[in-house]
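Colleague: Numbering (the working numbering), first residue to last: 925 to 1578.
Even for Gly, the Cβ is constructed at its ideal location relative to N, Cα and C.
All of these numbers come straight from a predicted model, not from anything done at the bench.
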Amino acid sequence: MNKELDKKLERMRSLVEEVLFHNRNYYELDNPTISDAEYDKLYYELVDLEKETGVVLPNSPTQRVGGDVLDKFVKKHHAVRLYSMDKVRSEKQLFDFFDDMKKFVKNPTFAVEYKFDGLTNVTEYIGGKFISATTRGNGEIGEDVTEQVKTIRSVPLEIPFKGHLILQGEGMMTNKSFKKYNKTAAEPLKNPRNGVAGAIRNLDPKETARRNLDYFCYAILLSEGKKFATQEEMHRFLIDNGFQTGDFFKVVSSKDEAMEIIHQIDKVKNNLDVMIDGVVIKLNEVAPREEIGYTNKFPKWAVAYKFEAEEVSTMLKDVVWQVGRSGKVSPTAILEPVELAGACIKRATLNNIEDIKKKKVEINSRVFIRRSNEVIPEVLGLAERYENSTPINEPIYCPCCHEKLEKRGPLVFCTNHDGCKEQVVARLTHFCSREAFNIEGLSEKTIIQFYDTFSLRHYSDLYHLTKEELVNLEKFADKKAENTIKSLERSKHIELFRFIFALGISEVGIKTAKDLAKTYKTFEKFSTASKESLSAIEDVGEVIAQNIVDFFADENNLKEIERLFSVGVQIKDEQGAKTNKLEGLTFVLTGTLPNYSRGDMTKLIEENGGKTASSVSKNTSYVLAGQEAGSKLDKAKSLGVKIISEDDILKMLE
């Protein structure tokens, strides 16, 4: 038995050392080398061992709040001690918390708020004027960051309340600010949390200002002459005094209500402009809190429910370079398989060689990866390099056809337009896709067959195929061959936006293609439009405008278009809206509609002056929901966007 205890104590000592090492990296150096999920795994293994053994080592990080105070800042004692937040790791633990609160309050209610993933700050006001800001530090002593926090525009410098006021909130870098900063940064940030920590704990307030931070308030630590009965009253007070609170606050009376809200937020969290990693549930009633009390580290009347991690670290084993339809050769990271957001991840996106250099990632290095909205994971940056880590080299020759590549800024291109199999197949597959020429039955595998058997190189080559040729191919019976030829013939009459999309112009998606068609009405006007004219269109901008101009300056592309016209392709000019009944309204479609496909409903909305969008925001007028509506419906409910049915929109058009 003693041997078993000794083994557990040895593991605890190892965990204490490891967690303290990562605490220093995270809190003091702002340079984490593992993800939050991996940190939590170590931390809670230590917590569980402490419960099992009844032993808490003297230097255990489970007994401390935050990290040490940095010497480079002036130290400041907090007037009110700060606590961390206990985390629940399952529905059962959350339900146990609800049951515990009923021992103190007969019919308790609970406030549900976002758990922000930023840097905790305490702000102080006297006589209605901002006087100081301090980091959490170790909960008793923090760093004076007054000058840095002064640069945050969402921190009011003067408020209506004139008593002594001390607030707790989170310094945040929104996703929008994060992306904007990284576009021009010499060294890109790993994530918004890392960005805000480095900005506030920076001796130069100008650098803080450059990162365009925000501040979201969630706790009142001291309010001279003002008492609050509930968390809800505190929340209203914060808003009335000009503080941001994160646009989400709910009061519930049951654990089932809380769990339903948690599931809703989990579905829409990736559409938010701020990073959250869970929700905080607090006893709404303030009076019983003192009786319920605190542990050495946590308030007992509040818990945090953390979501499943979407960021982890793993080993980058290799990088492969692949050719796209434009000839651009892009890198993909090959990873040591790792579980992330319910999937086994083996590959992740890297943008180009400059992106690789900025992120400092190497082969055989540990890297951070993130996955959200079910999309391909992205490599965020270096976690740790090793003695056997080696730099990633940009290719000189095409990985498909072995032609020498052409360097254009940070990108490399294969210029073997008609002879590089990967890019030809990618172009033809895109051309045949549903939202482009919509040619049935022509998958990537079939296109490869056509490339190899018939030497297909151009879009127009498809229209020279005959039924007699197709029936000789593998898996092409008489009926399939006949249907393919009929589908090719039908596709010759095509709407302008589909034709624009089918051309495969870099960064011109289906929505942009529709906007271009609506603006120019005819292909001739679109193909001769100037960069200035194009960039003036909403959501087009200078980069896409230049891509379009460059596309029509390329002789290969002009010849390809001319060949299409010569085989009988005819473009239907854009007719414009039939009515203006939906003018000024933006709709988001979700789920399966009873009588219309999404494409037909989108067309109906646009024909009557309305717009459609792919994601729900405050600017959405209506969410049109059908059966099996997903996270967009949840987001609409959380934002208070009106939800309508197919019948509702048809009534609007009567």
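#1: Does R1271 get closer than 8 Å to chain D when you measure Cβ to Cβ?
#2: Can you have a look at G1051 and say buried or exposed, based on whether 16 or more other CB atoms are within 10 angstroms of its CB?
#3: In the DSSP assignment, what are the bridge partners of G1600?
#4: Report buried or exposed for E1530, applying the criterion of at least 16 other Cβ atoms within 10 angstroms of its Cβ.
#5: Is the beta carbon of L1352 less than 8 Å from the beta carbon of Y1383?
#6: Go ahead and pull the three-state DSSP assignment for C1322.
#7: Under the DSSP definition of a beta bridge, which residues are partnered with P1223?
#8: Within a Cβ cutoff of 8 Å, which residues of the same chain sit near E1286, ignoring the five residues on either side of it in sequence?
#9: Tell me, to the nearest whole angstrom, how far the beta carbon of G1087 is from that of C1141; I am working on the premise that it is less than 8 Å.
#10: If we require 4 or more residues per run, which alpha helix (DSSP H) segments fall completely within the region 1292 to 1378?
#11: Output needed for I1124: all residues of its chain with C-beta closer than 8 Å, excluding positions within five of it in sequence on either side, in chain order.
#12: Beta-carbon separation of K1231 and D1201 under 8 Å?
#13: State the DSSP-derived secondary structure class of I1529, mapped to helix, strand or coil.
#14: Kindly indicate which three-state DSSP category D1478 falls into: helix, strand or coil?
#15: I need the boundaries of the beta strand (DSSP E) containing Q1246, first residue and last residue.
#16: At a cut of 8 Å, does the region 1244 to 1256 reach the region 964 to 977 through at least three beta carbon pairs?
#17: How far does the alpha helix (DSSP H) with Y968 in it extend, from its first residue to its last?
#18: Determine, using beta carbons only, whether T1516 and L1557 come nearer to each other than 8 Å.
#19: According to the neighbour-count rule (16 or more other Cβ atoms, all chains shown, within 10 Å of its Cβ), is Y1321 buried or exposed?
#20: Grab me the residues of K1416's own chain with a C-beta within less than 8 Å of its C-beta, minus the 5 sequence neighbours each way, in chain order.
#21: Where does V1236 land, buried or exposed, given buried means 16+ other C-beta within 10 angstroms?
#22: In whole angstroms, what separates the C-alpha of V1253 from that of V1348?
#23: Quick one: what does DSSP say M1096 is sitting in, helix, strand or coil?
#24: Could you check how far apart the C-beta atoms of L1570 and G1550 are, in whole angstroms? I think they sit under 8 Å.
#25: Between which two residues does the beta strand (DSSP E) containing I1269 stretch?
#26: Let me know the secondary structure DSSP gives V943 once reduced to three states.
#27: Please identify the residue among G1066, T1033, E1082 whose C-alpha is closest to the C-alpha of I1055.
#28: As a quick exercise: from V1244, Y1049, S1545, K1224, pick the residue whose alpha carbon is nearest that of G1166.
#29: Considering only DSSP beta bridges, list what G1037 is partnered with.
#30: Going by DSSP in three states, A1153 sits in which element: helix, strand or coil?
#31: Consult DSSP for V1473 and reduce its assignment to one of helix, strand or coil.
#32: Please report the distance separating the alpha-carbon of D1385 from that of N1362.
#33: Helix or strand or just coil, what does DSSP make of V1512?
#34: Is L966 near V980, with beta carbons less than 8 Å apart?
#35: With three or more beta-carbon pairs closer than 8 Å as the criterion, would you say the region 1439 to 1447 touches the region 1414 to 1428?
#36: What's the C-alpha gap between R1290 and T1238?
Modeller: According to the structure data:
#1: As a matter of chain content, chain D is missing from the structure shown, which is built from one protein chain.
#2: Sequence index remark: in the sequence shown, residue 1051 carries index 127 (1-based). Classification for G1051: exposed.
#3: The structure shown does not extend to residue 1600, since the chain is modelled only from 925 through 1578, so no value can be given for it.
#4: Start at 1 with the first residue of the sequence shown, and residue 1530 comes out as number 606. With 16 or more Cβ atoms within 10 Å of its Cβ, E1530 is classed as buried.
#5: For the purposes of this step, residue 1352 is taken as residue 428 along the sequence shown, with counting starting at 1. For the purposes of this step, residue 1383 is taken as residue 459 along the sequence shown, with counting starting at 1. In contact: L1352 and Y1383 (Cβ atoms closer than 8 Å).
#6: As a first step, residue 1322 must be located in the sequence shown, where it is residue number 398. Here C1322 carries a coil assignment [DSSP, helix/strand/coil].
#7: On the sequence shown, position 299 is the one that residue 1223 refers to. According to DSSP, which records beta bridges pairwise, P1223 is partnered with Y1218.
#8: Sequence index remark: in the sequence shown, residue 1286 carries index 362 (1-based). Answer for E1286: L1240, L1306, R1309, S1313, T1314, P1315, I1316, listed in chain order.
#9: Indexing the sequence shown from 1 puts residue 1087 at position 163. Indexing the sequence shown from 1 puts residue 1141 at position 217. Between the beta-carbon of G1087 and that of C1141 there is about 16 Å, and that puts the pair past the 8 Å contact cut.
#10: Counting only unbroken stretches of 4 or more residues, the alpha helix (DSSP H) elements lying wholly within the region 1292 to 1378 are 1345 to 1356, 1368 to 1378, in sequence order.
#11: Indexing the sequence shown from 1 puts residue 1124 at position 200. Excluding positions up to five away in sequence, the list reads L1043, N1045, T1059, V1069, Q1072, V1073, G1095, T1132, L1137.
#12: Against the sequence shown, residue 1231 aligns to sequence position 307. Against the sequence shown, residue 1201 aligns to sequence position 277. Position check: residue 1231 holds Phe in this sequence, whereas Lys was assumed. Their beta carbons are under 8 Å apart, which means F1231 touches D1201 by this criterion.
#13: Counting from one through the sequence shown, the residue named residue 1529 turns up at place 605. Residue state for I1529 is assigned as helix, using DSSP reduced to three classes.
#14: Mapped onto the sequence shown, residue 1478 falls at position 554. D1478: coil per DSSP, three-state reduction.
#15: Locating residue 1246 in the sequence shown gives position 322, counting from the first residue. Note, Q1246: beta strand (DSSP E), 1235 to 1247.
#16: Under the 8 Å Cβ criterion, the region 1244 to 1256 does not count as touching the region 964 to 977, having fewer than three qualifying pairs.
#17: Here residue 968 is taken as the residue at index 44 of the sequence shown, counted from 1. Per DSSP, the unbroken alpha helix (DSSP H) holding Y968 starts and ends at 960 to 977.
#18: Working through the sequence shown from its first residue, we reach residue 1516 at position 592. Working through the sequence shown from its first residue, we reach residue 1557 at position 633. Contact flag unset, no.
#19: In the sequence shown, residue 1321 corresponds to position 397, counting from 1. Exposed is the call here.
#20: Sequence index remark: in the sequence shown, residue 1416 carries index 492 (1-based). By the criterion of a C-beta distance shorter than 8 Å, K1416 is surrounded in its chain by Y1387, V1491, G1492, V1493, Q1494, once the five residues flanking it on both sides are discounted.
#21: Taking the sequence shown and counting its residues from 1, one reaches residue 1236 at position 312. Around the CB of V1236, 16 or more other CB atoms lie within 10 Å, so the residue is classed as buried.
#22: In the sequence shown, counting from the first residue as 1, residue 1253 sits at position 329. In the sequence shown, counting from the first residue as 1, residue 1348 sits at position 424. For V1253 and V1348, the distance between alpha carbons rounds to 13 Å.
#23: Locating residue 1096 in the sequence shown gives position 172, counting from the first residue. Three-state DSSP puts M1096 in a strand.
#24: Numbered from its first residue, the sequence shown carries residue 1570 at position 646. Numbered from its first residue, the sequence shown carries residue 1550 at position 626. First, the amino acid is wrong: residue 1570 is Glu here, not Leu. About 7 Å; that satisfies the 8 Å criterion.
#25: What you label residue 1269 is simply residue 345 of the sequence shown in a count that begins at 1. It spans 1267 to 1273 - the beta strand (DSSP E) in which I1269 sits, taken as one unbroken run.
#26: Here residue 943 refers to the residue found at position 19 when the sequence shown is read from its first residue. Helix, per DSSP.
#27: Start at 1 with the first residue of the sequence shown, and residue 1055 comes out as number 131. Measuring C-alpha to C-alpha distances from I1055 to each of G1066, T1033, E1082 identifies E1082 as the nearest.
#28: On the sequence shown, residue 1166 is found 242 positions in, with the first residue counted as 1. Its Cα nearest to that of G1166, the residue Y1049 stands out among V1244, Y1049, S1545, K1224.
#29: What you label residue 1037 is simply residue 113 of the sequence shown in a count that begins at 1. Strictly speaking, residue 1037 in this sequence is Glu, with Gly absent from that position. DSSP lists V1204 as partners of E1037.
#30: Translated into the one-based positions of the sequence shown, residue 1153 becomes position 229. A1153 sits in coil when the DSSP states are folded into three classes, being neither helix nor strand.
#31: As a first step, residue 1473 is located in the sequence shown; it is residue number 549 there, counting from the start. In the structure shown, V1473 adopts helical secondary structure according to DSSP, grouped into three states.
#32: Numbered from its first residue, the sequence shown carries residue 1385 at position 461. Numbered from its first residue, the sequence shown carries residue 1362 at position 438. Their backbone Cα atoms lie some 16 Å apart in a straight line.
#33: One-based indexing of the sequence shown puts residue 1512 at position 588. In the three-state reduction of the DSSP assignment, V1512 falls in the strand class.
#34: If you number the sequence shown from 1, residue 966 lands on position 42. If you number the sequence shown from 1, residue 980 lands on position 56. Judged by their CB atoms, L966 and V980 are not nearer to each other than the 8 Å cut-off.
#35: Touching, yes.
#36: Taking the sequence shown and counting its residues from 1, one reaches residue 1290 at position 366. Taking the sequence shown and counting its residues from 1, one reaches residue 1238 at position 314. Here the C-alpha atom of R1290 lies approximately 5 Å from the C-alpha atom of T1238.
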